[in-house]
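One structure is given below, encoded as structure tokens.
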Amino acid sequence: MGMDKDMDLIDEDGLRLDGRKFDELREINIEAGILKRADGSAYLTWGKNKVMAAVYGPRELHPRHAQDPSKAVVQARYNMASFSVPDRKRPGPDRRSVEISKLMSEALEEIVFVEQFPRSAVDVFVEILEASAGTRCAAITAASVALADAGIPMSDMIASCASGKIDGHVVLDLGKNEDNFGEADVPVAIVPRTGKITLLQMDGNLTIEEYEEAMELAINACHEIYDIQREALKKRYSTSIDSYEDLEEV
């Protein structure tokens with residue numbers, strides 16, 4: 211359904227179109243280890259977003275001239291399925307997908323101990339099955355869980371979330387209409403344990419005070435998302451250990 215650009219994004223009770231408060235995340239669920247043929251994988255739902263991430267490697271990088279003799283190369287590929295948006299997307303990479311793939315590669319290379327695997331590649335594939343704003347943040351969040359599930363040596367996971375501005379108010383985790391008709395969007399990714407920022411972009415205009423408020427909202431949310439990431443891995447591996455113990459008893 212279309213939306214009038216003049217329609218209010220916040221109602222008289224101070225709530226957003228989907229009933230959320232300014233500092234409230236959409237519902238996030240993550241499941242690790244769902245693809246048996248991948249070295250690591252994760253499936254994430256975030257509001258109406260549905261995201262699949264798969265990791266393969268470390269493995270020999272081809273072509274050989276692309277190898278780095280001192281470290282591994284993290285190769286991330288972000289792709290939106292043609293059926294992921296209401297207006298069918300043309301299959302294959304476009305400029306936006308290439309840009310997000312590069313941002314993901316650089317962000318994830320910050321946490322992987324790449325020097326342990328010279329001349330190798332760690333391949334990360336993220337497929338957006340259904341898109342509804344915030345897919346780059348969802349992709350990085352899912353990819354981090356898939357890397358951990360693959361047992362890739364790394365310093366920590368990365369959590370990512372966006373904040374922004376709608377109807378003159380700074381809010382967390384923009385939904386589709388908020389992203390389309392709001393005034394600003396600020397995707398952020400951090401390494402929660404150290405607070406290191408690995409992704410920061412801004413689309414739109416914010417004052418210094420609004421920017422600081424947006425950053426605080428996003429960073430606090432990243433810590434919340436980090437707990438969800440860790441729980442997904444705990445659930446995955448506690449289930450594996452329980453199954454192994456059951457087999458031993460037999």
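Each residue of the sequence shown is one higher than the one before, starting from 211 at the first, in our numbering. Yeah, the Cβ is synthetic: ideal placement off N, Cα and C, and Gly gets one too.
Report the rounded CA-to-CA distance for residue i versus residue j, giving the unit in angstroms.
i	j	result
D221	R236	18 Å
T255	I244	13 Å
A282	N387	40 Å
V261	G224	30 Å
A360	A264	9 Å
I240	S354	11 Å
A242	P328	27 Å
K445	Y253	13 Å
I184	N259	Residue 184 lies beyond the residue range present for the chain, which begins at 211 and ends at 460; the question has no answer from this structure.
V381	M412	14 Å
M314	P279	22 Å
I310	R247	25 Å
V398	E422	12 Å
E441	V324	25 Å
I407	I429	9 Å
M290	L427	27 Å
Given that a residue counts as buried once 16 or more other Cβ atoms are within 10 Å of its Cβ, and exposed if not, what is residue i?
i	result
L318	buried
G374	buried
L410	exposed
I368	buried
G229	exposed
G414	exposed
V336	buried
R298	exposed
R226	buried
T345	buried
Let me check you understand the geometry: is the CB of residue i closer than 7 Å to at least one non-hydrogen atom of the ligand NAD?
i	result
K299	Because no ligand of any kind appears in the structure shown, any question about the ligand NAD cannot be addressed here.
What did DSSP end up calling residue i once you bin it into helix, strand or coil?
i	result
A356	helix
H379	strand
N259	strand
E222	coil
T345	helix
R230	coil
M290	strand
T408	strand
I435	helix
A394	strand
I321	coil
A282	coil
L339	strand
V401	strand
D304	coil
D389	helix
What residues match up with residue i in a beta bridge as DSSP calls it?
i	result
M270	Before going on, a small fix: residue 270 reads as Glu here, not Met. For E270, which the question treats as bridged, DSSP gives the partners S330.
A252	A242 and A263
A428	Answer is none; A428 lacks a bridge partner.
M364	V322
G374	V381 and D395
A442	DSSP lists no partner for A442.
How about residue i and residue j: are their beta carbons less than 8 Å apart?
i	j	result
C432	P402	yes
G250	L339	no
V277	D333	Reading the sequence as shown, one finds Gln at residue 277 and not Val. The answer is no: Cβ separation not under 8 Å.
A187	Y266	Outside the modelled stretch of the chain, which goes from 211 to 460, sits residue 187, for which no answer is possible.
P301	S292	yes
D218	D377	yes
S342	G385	yes
A352	R269	no
If we cut at 8 Å on Cβ distances, does residue i have a partner in chain B?
i	result
C371	No chain B is present in this structure, which holds just one protein chain.
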